[in-house]
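All remarks here apply to the structure that follows.
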Ligand SMILES: Cc1ncc(COP(=O)(O)O)c(C=O)c1O
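Numbering (the numbering used here), first residue to last: 1 to 389.
Following this line, the structure appears as structure tokens:
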């Protein structure tokens, strides 16, 4: 008997980076500080939980709408029109189990075996497995490392072949912490339009931006809505990572194919938690601002203190919950630094190379998953480690 199917054996093993090494050390009782896991440290706000409990008490326990509950899709429309500058209706919205499920549905619906998908490198690795499951091929286009990982239109143009089907964009960017400017997005849009490509736009960090940086949805640029899948989730901004809730915004002509995937894998998303998400969008402005303000306080701490350590250069993250400092002058590789920090300081960070070869010379430090004091302690330990190198 052949097991598993070729699509499983031929796709990359899902790597958890430093997580497994850290877990082994923690089993021996080490006090590990996790600056690698990309999740919010906050609790889900009470009003979101209350709206969910109410929906449960009101009997929302039966099958619902395949595209998502109408009340949630209406709130999504209001938010997307205002914040993302897209003139949409509920027919343009498909509710999913987080951004992971949204990108899975888009890739499965769009990619044929042999199709090529361009990833801007360093990239968010979890998109790769899905592209490979669909039989697609990854083609990497490096971001401009010498210019703080700006989009390099020439590198993207050079990655295009007759088989290119899609560009995968993560904005704000994980792992680099960049928020792409209108100019950078226009250059990418120009390429997508000229070569008639689809764009998967992962905007899971859209609310988490600092210092007046503006998140722009690439779908809002002229000629882009009809070729872009804009993907959002409640995961980061509302501290709802365990809830598994997100949504796709796209041209209505794409919806039947997308639903063919989601109806067959989950039928639809849990009905009563969608009422919590509707409340999040309707009343969430203030709590999101408070959480982002705390993220910024942690970003300031991390970037300032890293810059004081010898051999480290850390530009201020423009958004997300990640810093991506340059460790080149230590003379060690990204993986050697990540391993050294784990073994000597019991601090877990991810090697930049986990996000592709273009991440060499960098480590990714997450400042979103631990409280301020704990991050400060991690930085004390990191300072000792770097001063002893
Ligand atoms: C860029 C990016 N996309 C998607 C996800 C996954 O989002 P979700 O938990 O909503 O599936 C993450 C989580 O870290 C992420 O960083």
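Beta carbons: idealized from backbone N, C-alpha and C, even for Gly.
CA-to-CA, the gap between residue 325 and residue 31 works out to about 24 Å. Going by DSSP, residue 363 is part of the beta strand (DSSP E) stretching over 363–366. Residue 387: member of the alpha helix (DSSP H) spanning 372–387, first to last residue. In this structure, residue 319 has its beta carbon at no less than 6 Å from each heavy atom of ligand 1. Relative to residue 107, the option among 353, 136 and 146 whose CA is nearest is 136. Within the model, the alpha-carbon separation for residue 195 versus residue 274 is close to 38 Å. Not one heavy atom of ligand 1 is found less than 6 Å from the C-beta of residue 322. For residue 76, the CB stays at least 6 Å from every heavy atom of ligand 1.
Assignment of residue 319 by DSSP, reduced to helix, strand and coil, places it in the strand class. Excluding its 5 nearest sequence neighbours in each direction, residue 334 has C-beta neighbours in its own chain below 7 Å: 327, 351, 352, 353, 359, 360, 361, 362 and 363, listed in chain order.
In this chain, the alpha helix (DSSP H) harbouring residue 300 covers 285–308.
Counting along the chain, no alpha helix (DSSP H) covers residue 17, and no H or E run does either. The three-state reading of DSSP puts residue 173 in coil, since its state is none of H, G, I, E or B.
Close to ligand 1, as judged by a C-beta nearer than 6 Å to any of its heavy atoms, are the residues 38, 98, 99, 100, 124, 170, 174, 202, 204, 233, 235, 241 and 246, in chain order. Looking at the backbone, the Cα of residue 200 and that of residue 255 are separated by about 14 Å. Beta-bridge annotation (DSSP): residue 137 is paired with 116. Per DSSP, reduced to three states, the secondary structure at residue 99 is helical. The continuous alpha helix (DSSP H) containing residue 185 extends over residues 182–194.
Secondary structure of residue 106 (DSSP, three-state): helix.
For residue 233, the uninterrupted beta strand (DSSP E) segment begins and ends at 228–233.
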